[in-house]
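The structure appears below as C-alpha cells.
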Amino acid sequence: MRLKAIICQVFTREMEDIIARSNHTIDLEIIPMGLHSRGAEMHTYLQERVDAADDAGYDAILLGYALCGRGTEGLQAGKTPLVLPRAHDCIGVLMGGHQNFNAYFQEHPGTYFRTPGWTEFQTPDSELEPPFAATRPQLGERSTLKELIAEYGEEDGKFLFEQFNAFRKHYTGLTYISLPVASDEASRSRARAEAAKEGWKFEEVKGTLTILERLVNGEWSGGDVLLVPPGATIHAKMGDATLDAE
Numbered sequence: 000m001r002l003k004a005i006i007c008q009v010f011t012r013e014m015e016d017i018i019a020r021s022n023h024t025i026d027l028e029i030i031p032m033g034l035h036s037r038g039a040e041m042h043t044y045l046q047e048r049v050d051a052a053d054d055a056g057y058d059a060i061l062l063g064y065a066l067c068g069r070g071t072e073g074l075q076a077g078k079t080p081l082v083l084p085r086a087h088d089c090i091g092v093l094m095g096g097h098q099n100f101n102a103y104f105q106e107h108p109g110t111y112f113r114t115p116g117w118t119e120f121q122t123p124d125s126e127l128e129p130p131f132a133a134t135r136p137q138l139g140e141r142s143t144l145k146e147l148i149a150e151y152g153e154e155d156g157k158f159l160f161e162q163f164n165a166f167r168k169h170y171t172g173l174t175y176i177s178l179p180v181a182s183d184e185a186s187r188s189r190a191r192a193e194a195a196k197e198g199w200k201f202e203e204v205k206g207t208l209t210i211l212e213r214l215v216n217g218e219w220s221g222g223d224v225l226l227v228p229p230g231a232t233i234h235a236k237m238g239d240a241t242l243d244a245e
C-alpha cells in the first residue's frame with residue numbers, strides 16, 4: 000500500500016524505526032509538538048493537512064495522534080480513509096492502550112509521564128516556525144520565565160510563571176516510558192534529571208510500539224486502531240474505545 004503518515008513530533012523516533020521496517024510505501028509528515036498548545040487551531044490545522052493529502056492517491060492517511068485533548072475530534076475523512084490509534088494521548092499509545100495506562104495510573108496517582116519524544120522534542124512556543132508560532136507567546140507550561148518577563152514585566156512575569164507551573168506541586172513521581180529507539184538512553188537521563196530537580200520519585204516502565212506498528216503495517220482490525228471510512232467523522236467515546244467514527 001501507499002500511505003501518508005501525518006504524525007506528532009513526539010512519535011518521530013518510533014515511527015521512523017517502524018516505517019524503516021515496513022513493506023509499505025509511506026510518506027511521513029511530522030508536525031511540531033507545539034501544535035498542542037494552539038487549542039482549537041490544532042483541529043483546523045490537522046484537517047487542512049488531511050485535506051491536502053486527500054487527492055494524492057494514497058490508500059489511507061495515518062494519523063500519529065490519539066484523542067489528544069479532543070484535538071482530533073471532528074476530523075473528517077475525505078475520499079481517503081483515516082486511521083489512528085484509539086487512545087487518549089501518546090502516553091496511552093506507548094503503554095499499549097488505555098486499559099494498560101489506566102491500570103498503571105490507578106496504582107500510581109500523582110504521576111507525571113515522559114517518553115523519548117517528550118524529552119527530546121520539547122520546544123518553547125517562541126522557537127516554533129509559522130504556522131505554529133503565535134503572534135505573541137502562548138501562555139502555559141511551555142512558556143519560559145524569560146518570555147513571560149519580556150511580555151508582562153518582571154513582577155507579573157514571575158507571578159505567571161509560578162502559577163502556570165503550580166500544577167507540578169500535585170505530582171509526586173515521574174515515570175519514564177522506555178522504548179526501543181536510539182534516543183532512549185539520552186531521554187531517560189533527562190527524565191531522571193527532571194525528576195530529581197522536582198523532588199519526584201523516578202520510575203521506569205517498558206513501553207511498546209505495538210499500536211504504532213499495527214497502524215503502519217495495515218493491521219487495522221481490533222480495538223486499539225480506528226479505521227475512519229471515507230466521509231466519516233471522528234468522535235470521542237466514553238470507555239476504553241475513546242474514539243469512534245460516524
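Here numbering that gives the first Met the number 0 is used: the first residue of the sequence shown is 0, the next is one more, and so on. Ideal Cβ positions, reconstructed from N, Cα and C, are used throughout, including at glycine.
- In this chain, Phe112 is not harboured by any alpha helix (DSSP H); it is covered by the beta strand (DSSP E) spanning 110-113.
- When rounded, the separation of the alpha-carbon atoms in Pro84 and Glu153 is 43 angstroms.
- According to the DSSP secondary-structure assignment, Pro84 is paired through a beta bridge with Val224.
- Fewer than three Cβ pairs drawn from the segment 221-240 and the segment 28-43 lie within less than 8 angstroms of each other, which leaves the two stretches out of contact.
- Rounded to whole angstroms, the gap between the alpha carbons of Asp58 and Val204 is 35 angstroms.
- When the beta-carbon positions are compared, Leu62 and Leu93 stay at least 8 angstroms from each other.
- Cα atoms of Thr114 and Ala149: separation of roughly 31 angstroms, rounded to the nearest angstrom.
- Each residue's CA atom was taken as its position, placing Leu211 and Ala195 some 31 angstroms apart.
- Going by beta carbons, Ala52 and Lys3 fall inside the 8 angstroms limit.
- Bounds of the beta strand (DSSP E) holding Ala4 are 1-7.
- For the options Ser188, Ala190, Ser220, Val180, the alpha carbon positioned closest to that of Phe10 is the one of Val180.
- Rounded to whole angstroms, Ala190 and Thr118 show a C-alpha spacing of 7 angstroms.
- Contact between Ile233 and Leu74 holds: CB atoms are separated by about 5 angstroms, below the 8 angstroms threshold.
- If you draw a straight line from the Cα of Gly172 to the Cα of Arg37, it comes to about 27 angstroms.
- Counting only the Cα atoms, Asp88 lies some 8 angstroms from Gly68.
- Per DSSP, Val180 lies in no beta strand (DSSP E) segment and is marked neither H nor E.
- Rounded to whole angstroms, the separation of the alpha carbons of His23 and Arg213 is 12 angstroms.
- Bounds of the alpha helix (DSSP H) holding His97 are 97-106.
- Contact between Gly116 and Arg12 holds: their C-beta atoms lie close to 6 angstroms from each other, under 8 angstroms.
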